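Report on the structure given below.
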Amino acid sequence: MKINAKNLGSGRTLVVEGKGVPIAFVDRGQTAVLATLTIEDTDIDHPNADGTPVKTTKRLDAGTYECALTMAVVRTDAGGAGYDSDLSIAGIPIASIRGSLPDGKKIDRGVLSFTLEVTEAL
Amino acid sequence: MKNLAILLAVGLLGNAACAADDPKLNDFLIDLSAGHVAAFQMIGLDKSAVTDLQTPKDLVAALQAAGDSDSKGAFGLAYSPGRSAFVPVSVAISDYVDPSKPLTRLWGSATFSYAQNKKSLGGVDYSQNAVAAHVAYYLNSKDDPVVAGFNAVVLKDGPCKAALLDVRTGFKKDNRTLVQRIKDKKKEVGGRDLTPEERDRIDEEMLASTSNSSVEKLQVCAQNYVNAVKEKWNASHVDVVLGQGWIKSPGGGRLSLGRHAALALSVGLDEMPNSLFNLTVRRVDKELELDTITATPAYKRTSTAGARYTYGYGDGRRSYLLAEVSNVKTGSPTIANAAFKRALGFDYKLAEGVWLELRAGRAVTTDGTKTESKALFNLKFSPETTLAKDAQAK
Numbered sequence: 001m002k003i004n005a006k007n008l009g010s011g012r013t014l015v016v017e018g019k020g021v022p023i024a025f026v027d028r029g030q031t032a033v034l035a036t037l038t039i040e041d042t043d044i045d046h047p048n049a050d051g052t053p054v055k056t057t058k059r060l061d062a063g064t065y066e067c068a069l070t071m072a073v074v075r076t077d078a079g080g081a082g083y084d085s086d087l088s089i090a091g092i093p094i095a096s097i098r099g100s101l102p103d104g105k106k107i108d109r110g111v112l113s114f115t116l117e118v119t120e121a122l
Numbered sequence: 001m002k003n004l005a006i007l008l009a010v011g012l013l014g015n016a017a018c019a020a021d022d023p024k025l026n027d028f029l030i031d032l033s034a035g036h037v038a039a040f041q042m043i044g045l046d047k048s049a050v051t052d053l054q055t056p057k058d059l060v061a062a063l064q065a066a067g068d069s070d071s072k073g074a075f076g077l078a079y080s081p082g083r084s085a086f087v088p089v090s091v092a093i094s095d096y097v098d099p100s101k102p103l104t105r106l107w108g109s110a111t112f113s114y115a116q117n118k119k120s121l122g123g124v125d126y127s128q129n130a131v132a133a134h135v136a137y138y139l140n141s142k143d144d145p146v147v148a149g150f151n152a153v154v155l156k157d158g159p160c161k162a163a164l165l166d167v168r169t170g171f172k173k174d175n176r177t178l179v180q181r182i183k184d185k186k187k188e189v190g191g192r193d194l195t196p197e198e199r200d201r202i203d204e205e206m207l208a209s210t211s212n213s214s215v216e217k218l219q220v221c222a223q224n225y226v227n228a229v230k231e232k233w234n235a236s237h238v239d240v241v242l243g244q245g246w247i248k249s250p251g252g253g254r255l256s257l258g259r260h261a262a263l264a265l266s267v268g269l270d271e272m273p274n275s276l277f278n279l280t281v282r283r284v285d286k287e288l289e290l291d292t293i294t295a296t297p298a299y300k301r302t303s304t305a306g307a308r309y310t311y312g313y314g315d316g317r318r319s320y321l322l323a324e325v326s327n328v329k330t331g332s333p334t335i336a337n338a339a340f341k342r343a344l345g346f347d348y349k350l351a352e353g354v355w356l357e358l359r360a361g362r363a364v365t366t367d368g369t370k371t372e373s374k375a376l377f378n379l380k381f382s383p384e385t386t387l388a389k390d391a392q393a394k
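Take a look at the structure:
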């Protein structure tokens, strides 16, 4: 499964203002989606422990952070096959998965690396 | 073993004695299911000819099949808009499982269907078609297999928490490895930004070098949990069915095959974990009697109301008891009215895969003129009892 990068500059870098950086996942599909976003040595799991979508603000000092995102879709025969999820940072959608698991396929997984550059807040 | 042999003999004798009157066990209890739940069932179309619409591609394939001369125009569509990928009618799984959005779950559990085929009667091909709507709503969302499947996959303290923890641990480990590989590559190229192609290559290598096994184990666990939830015999749910079928001769007018409406309620209470209460009201009218189609069409009408209490007990539920009442009346000799007015039932597991089944009560005679007492023994060789299945609205 391909995680599509979008709204990222050259070198797949997103520039945002610190220190509080909003991070949000949105799921519109019919299949369960699991994701883990790693910002250097900090991990954010989606969805939350109670199954609700992650919507949080991360305190990040000015600097450059290497990031990795892993997403997986997991289907049982009780649910639909479609998946449609986004990750937004500072309100900007930067990664998405969209599609439908074909008949007989129950899981899929993808990874994406990018760089987050946090500048001093004005 | 000796007792088992005796019971087998009694069961077989009982079955044989009743066979002379030609009663069938399934006819002995009123059908408390919602009845026809899809258009293809109303016209007798094989389920394999029905396309479950999930994506626009499925719709195109179904319409192509309809035009296929081999199929003779026989095809069916089942469409659950909430579970499809058709925006904006689809329902996000995160909304479906949200307890504060019961109407969203109601929409997500609605299925609409259409079917058409040809039926040959007296050498004449008649066109048949039908439409139906079916909503199956679980009163406790935890009994809903869709909710159960989602919860099993994502809840930290859910039924698959160990498998989920493995997935999370693996994702974190993989992500850190990927971050390190990006840093190493940047060092290697003198600190410049990596091109999208270089990024893609590293991401793809990372994906290829790691395994899906933990995610697969989570999926298997979640599927097993969904299967267990589906097996729950006394889940509370309500089924509402509406449907209409038609038949049309070449050059003739369109006649009604029947209008179906049903409400089936099944309630299992937390305070009574061994019990299930069923209440069903079903009406079929304007149902054409097919042998009158070439003369003056005659129609029949059936109204059924029934209530049942089922009790399951014993290790692994070895036994089931039921008591039911229905509104069947004398004076209308239809199949539905041949059921019991009042009945008691008992199923007992003699051994693994062997069930003794007993039905007794007061029923309308098959000619519909009076009531009579009936009783039937049966020995069933099956892993499951009939009662536990009958107790559920199918």
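Each protein sequence line maps, in turn, to chains A and B. Reminder that position 27 of the first sequence reads as 27 in the working numbering, one-by-one numbering, no gaps. Reminder that position 178 of the second sequence reads as 178 in the working numbering, one-by-one numbering, no gaps. Don't be surprised by glycine CBs; every beta carbon is placed ideally from N, CA and C. Bear in mind the structure is a predicted one, so any value in this text is a computation, not a measurement.
Query: Local conformation of Thr-294 of chain B per DSSP, three classes; Result: coil
Query: Assigned secondary structure, Lys-106 of chain A (DSSP; H/G/I helix, E/B strand, else coil); Result: coil
Query: Any C-beta of chain B under 7 Å from that of Ala-32 of chain A; Result: yes
Query: First through last residue of the alpha helix (DSSP H) which encompasses Lys-156 of chain B; Result: That residue, Lys-156 of chain B, is in no alpha helix (DSSP H); it is neither H nor E in DSSP.
Query: Where the beta strand (DSSP E) containing Cys-221 of chain B begins and where it ends; Result: No beta strand (DSSP E) contains Cys-221 of chain B, which is instead part of the alpha helix (DSSP H) from 213–231.
Query: Leu-397 of chain B (DSSP reduced to helix, strand or coil); Result: Since the first and last residues shown for chain B are 1 and 394, residue 397 of chain B lies out of range.
Query: Beta carbon of Tyr-65 of chain A nearer than 7 Å to that of Ile-92 of chain A; Result: no
Query: Beta-carbon proximity check, Ser-249 of chain B vs Tyr-126 of chain B, cutoff 7 Å; Result: yes
Query: 7 Å Cβ cutoff, Arg-98 of chain A in contact with chain B; Result: no
Query: DSSP bridge partner residues for Lys-185 of chain B (one or two, in chain order); Result: Per DSSP, none; premise fails for Lys-185 of chain B.
Query: Neighbourhood of Ala-148 of chain B by C-beta distance below 7 Å, restricted to the same chain and skipping five residues each side; Result: Lys-142, Tyr-225, Val-226 and Val-229
Query: Every unbroken beta strand (DSSP E) within the segment 11–47 of chain A, with a cutoff of 3 residues, ordered by chain; Result: 13–17, 20–27, 32–39 and 42–46
Query: Other residues of its chain near Trp-107 of chain B: CB distance less than 7 Å, five sequence neighbours each side excluded; Result: Gly-82 and Val-91
Query: Distance, Asp-61 of chain A Cα to Lys-19 of chain A Cα; Result: 6 Å
Query: Alpha-carbon spacing of Arg-75 of chain A relative to Ala-222 of chain B, whole angstroms; Result: 9 Å
Query: CA-to-CA distance, Cys-160 of chain B to Lys-397 of chain B, given in whole angstroms; Result: The structure shown does not extend to residue 397 of chain B, since chain B is modelled only from 1 through 394, so no value can be given for it.
Query: 7 Å Cβ cutoff met for Val-215 of chain B and Ala-72 of chain A; Result: yes
Query: Three-state class that DSSP yields for Asn-129 of chain B in the structure shown; Result: strand
Query: Ala-336 of chain B, DSSP secondary structure in three states; Result: For Ala-336 of chain B, the pLDDT reaches just 47, beneath the cut-off of 50, and the residue's location in the model is therefore unreliable, leaving the point undetermined.
Query: Terminal residues of the beta strand (DSSP E) in which Glu-372 of chain B lies; Result: 371–381
Query: Beta-carbon proximity check, Ala-264 of chain B vs Ala-132 of chain B, cutoff 7 Å; Result: no
Query: Closer than 6 Å: Glu-324 of chain B CB and nearest the ligand SAH heavy atom; Result: This structure lacks the ligand SAH, and indeed carries no ligand of any kind.
Query: Cβ contact check for the segment 254–264 of chain B and the segment 108–118 of chain A: 3 or more pairs under 8 Å; Result: no
Query: Sub-7 Å separation of Gly-353 of chain B and Pro-383 of chain B beta-carbons; Result: yes
Query: First and last residue of the uninterrupted alpha helix (DSSP H) at Arg-282 of chain B; Result: Premise fails: Arg-282 of chain B lies in the beta strand (DSSP E), 272–288, not in any alpha helix (DSSP H).
Query: Within chain B, the residues that Leu-112 of chain A reaches when beta carbons sit closer than 8 Å; Result: Asp-203
Query: Supposed close pair Leu-276 of chain B, Thr-310 of chain B - CB separation, criterion 8 Å; Result: 5 Å
Query: Test item: CB-CB of Glu-117 of chain A and Val-26 of chain A under 7 Å; Result: no
Query: Chain-ordered residues of the segment 160–190 of chain B with a beta carbon less than 9 Å from chain A; Result: Leu-164, Val-167, Arg-168, Gly-170, Phe-171, Lys-172, Asp-174, Asn-175, Arg-176, Thr-177, Leu-178, Val-179, Gln-180, Arg-181, Ile-182, Lys-183 and Lys-186
Query: Range of the contiguous beta strand (DSSP E) that encloses Ser-113 of chain B; Result: 110–121
Query: Opposing strand residues paired with Met-71 of chain A [DSSP bridges]; Result: A:Ala-35 and A:Gly-110
Query: Rounded C-alpha distance that separates Leu-376 of chain B from Glu-357 of chain B; Result: 8 Å
Query: DSSP-derived helix/strand/coil call for Asn-4 of chain A; Result: strand
Query: Min CB distance Lys-105 of chain A to chain B below 7 Å; Result: no
Query: 7 Å CB neighbourhood of Gly-29 of chain A in its chain, flanking five on each side removed; Result: Gly-82, Tyr-83, Asp-84 and Ser-85
Query: Residues of its chain near Trp-355 of chain B, where Cβ-Cβ distance is below 6 Å and the 5 sequence neighbours each way are ignored; Result: Asp-347, Lys-349, Lys-380 and Thr-385
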